[in-house]
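Asker: At position 38 of the sequence shown the residue is numbered 37 (numbering that gives the first Met the number 0), and the sequence of numbers has no breaks.
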Amino acid sequence: MSHAMDKSFTTDEQIEATARRVLEEIAAVGTGTEVQLDEYIAILAKYRRTCEKKANYKEAELVQHVLKQLRLEEENRHVHALTQQQELERQGLEEAHMLEFQNFNQIWNEKIDSFEEHQLECEAVMLEQHSVELTKFHGSMTAEAPKKAKFSKDLLNLRKIQETLAKQKNYVEAQKVKLKGDRLEAIELEKINRDRGERYAKKEAQILGRHRQELLAMRKRMERGRIELERRRKKELEMLLQRYNNVKRGLLGQQNIIKAKTGNMLLKHAANKKTDASGSQAIVTSMHSGTFGPGLKKKTDAYPSARDVVRQIQQEVAAQAEDPAAADAPLQASTLPPVTA
0 MSHAMDKSFT TDEQIEATAR RVLEEIAAVG TGTEVQLDEY IAILAKYRRT CEKKANYKEA
60 ELVQHVLKQL RLEEENRHVH ALTQQQELER QGLEEAHMLE FQNFNQIWNE KIDSFEEHQL
120 ECEAVMLEQH SVELTKFHGS MTAEAPKKAK FSKDLLNLRK IQETLAKQKN YVEAQKVKLK
180 GDRLEAIELE KINRDRGERY AKKEAQILGR HRQELLAMRK RMERGRIELE RRRKKELEML
240 LQRYNNVKRG LLGQQNIIKA KTGNMLLKHA ANKKTDASGS QAIVTSMHSG TFGPGLKKKT
300 DAYPSARDVV RQIQQEVAAQ AEDPAAADAP LQASTLPPVT A
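What follows is the structure in structure tokens.
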């Protein structure tokens with residue numbers, strides 16, 4: 000219908016013809032979102048003034064009903080668009096928060112994974128060092144030349160007696176002493192080897208104990224590092240959530256102010272009897288949908304669209320044309336649900 004506004008209609012006949020086309024379009028296709036309601040309103044408002052000038056009040060009343068419905072639909076569009084816009088803003092905030100939260104988790108998961116990998120590497124390096132040290136100790140223990148055995152005085156005396164008896168050609172007694180000395184030497188050698196093994200085992204136990212202490216100390220340091228890492232993560236998460244809550248409160252507060260101002264504006268418009276129609280229907284519909292807050296929801300009756308109004312008026316006009324006696328009957332369109340503030 001944009002072509003209707005492009006034409007320069009100045010005469011009453013042109014104004015009426017353009018208004019008729021507008022009414023026919025409304026009756027045929029209604030007032031969808033693609034329709035420019037302000038153009039329709041401007042055309043019909045000019046036609047209504049023409050009817051007033053010609054004292055054609057019945058026609059002016061018909062146009063007035065259509066204008067009222069167009070104004071209500073225009074206001075409903077505004078409120079619906081505002082609701083959608085604010086919903087998109089809230090969705091955008093939630094999506095941005097979820098994206099930030101996912102990015103936060105990804106970064107911190109990478110930090111923790113890196114920390115754990117570093118911990119495993121440090122343990123592996125330390126265990127390797129301990130293994131090398133222990134292997135070196137075992138090698139030195141094996142390669143160490145045994146020291147000359149230090150036998151007891153009793154065993155040394157027996158050997159001297161053995162030698163003396165052998166020099167005296169007393170082989171029988173020398174053999175007896177030798178066997179006795181051999182038994183004592185075996186016992187003393189076993190004790191020497193046992194003492195040597197115990198000495199090496201003690202050194203090995205000391206090395207292993209030191210290794211355990213070093214590994215335990217390193218793990219404690221790593222655990223302290225992990226605790227500090229978790230503390231930092233928790234603190235940054237609290238800051239992220241606090242920032243999100245602050246932004247959300249600010250957005251909701253701003254949206255509530257806009258909704259309140261929009262509601263007040265429409266209510267004032269509804270109270271202005273000089274306008275083409277009242278804006279109360281938009282407010283009531285908005286309250287019912289929760290646009291202006293759950294505390295303001297009200298049950299409302301269904302209001303007809305401008306298309307239904309035009310069709311109803313056309314049917315009434317046609318009926319009056321067929322029945323001259325009904326020409327002066329009041330229009331049924333005037334019985335539409337009243338618009339109240």
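Every residue gets a Cβ at the ideal spot worked out from N, C-alpha and C, and that includes glycine.
Distance, Cα to Cα, Lys159 vs Asp153?
Answerer: Mapped onto the sequence shown, residue 159 falls at position 160. Mapped onto the sequence shown, residue 153 falls at position 154. So the two alpha carbons sit approximately 10 angstroms from each other.
Asker: Please report the residue range of the alpha helix (DSSP H) in which Ser139 lies.
Answerer: Within the sequence shown, the letter at position 140 stands for residue 139. Taken as a continuous stretch (DSSP letters only), the alpha helix (DSSP H) holding Ser139 covers 56-142.
Asker: In three-state DSSP terms, what is Asn245?
Answerer: Numbered from its first residue, the sequence shown carries residue 245 at position 246. If DSSP states are grouped into helix, strand and coil, Asn245 belongs with the helices.
Asker: Is the separation between the beta-carbon of His96 and that of Tyr243 shorter than 8 angstroms?
Answerer: For the purposes of this step, residue 96 is taken as residue 97 along the sequence shown, with counting starting at 1. For the purposes of this step, residue 243 is taken as residue 244 along the sequence shown, with counting starting at 1. In this structure, Tyr243 lies closer than 8 angstroms to His96 by Cβ.
Asker: With a cut-off of 8 angstroms, do at least 3 Cβ pairs link the segment 223-231 to the segment 60-73?
Answerer: No contact exists between the segment 223-231 and the segment 60-73.
Asker: Would the beta-carbon of Phe150 fall within 8 angstroms of that of Glu187?
Answerer: Your numbering for residue 150 matches position 151 in the sequence shown. Your numbering for residue 187 matches position 188 in the sequence shown. Against a cut-off of 8 angstroms, the Cβ pair of Glu187 and Phe150 comes out as a contact.
Asker: Counting Cβ pairs, one atom from each stretch, are 3 or more of them under 8 angstroms apart for the segment 39-50 and the segment 14-25?
Answerer: Touching, per the Cβ criterion.
Asker: Roughly how many angstroms separate the alpha carbons of Gln174 and Ala185, rounded to a whole number?
Answerer: In the sequence shown, the residue the question calls residue 174 occupies position 175. In the sequence shown, the residue the question calls residue 185 occupies position 186. Each residue's alpha carbon lies about 16 angstroms from the other.
Asker: I need the straight-line Cα distance from Ile106 to Lys234, nearest angstrom please.
Answerer: Numbered from 1 along the sequence shown, position 107 holds the residue referred to as residue 106. Numbered from 1 along the sequence shown, position 235 holds the residue referred to as residue 234. Approximately 14 angstroms, taken between the alpha carbons.
Asker: Mind checking Gly262: buried by the 16 CB within 10 Å criterion, or exposed?
Answerer: As a position in the sequence shown, residue 262 is number 263, starting the count at 1. With 16 or more Cβ atoms within 10 Å of its Cβ, Gly262 is classed as buried.
Asker: Does Ala18 come out as helix, strand or coil in the three-state DSSP assignment?
Answerer: Position 19 of the sequence shown, counted from the start, is the residue given in the question as residue 18. In the structure shown, Ala18 sits in a helix (DSSP, three-state: H, G or I).
Asker: Is it true that the segment 250-265 meets the segment 80-97, where meeting means three or more beta-carbon pairs spaced less than 8 angstroms apart?
Answerer: Cβ pair count under 8 angstroms is three or more, so yes.
Asker: Look up Asn169 in the DSSP assignment and say whether it is helix, strand or coil.
Answerer: The residue labelled residue 169 in the question sits at position 170 within the sequence shown. Coil at Asn169, not helix or strand.
Asker: Go to Thr49, then tell me how far its alpha helix (DSSP H) extends in each direction, as first and last residue.
Answerer: Taking the first residue of the sequence shown as 1, we reach residue 49 at position 50. From DSSP, the alpha helix (DSSP H) with Thr49 extends over 36-52.
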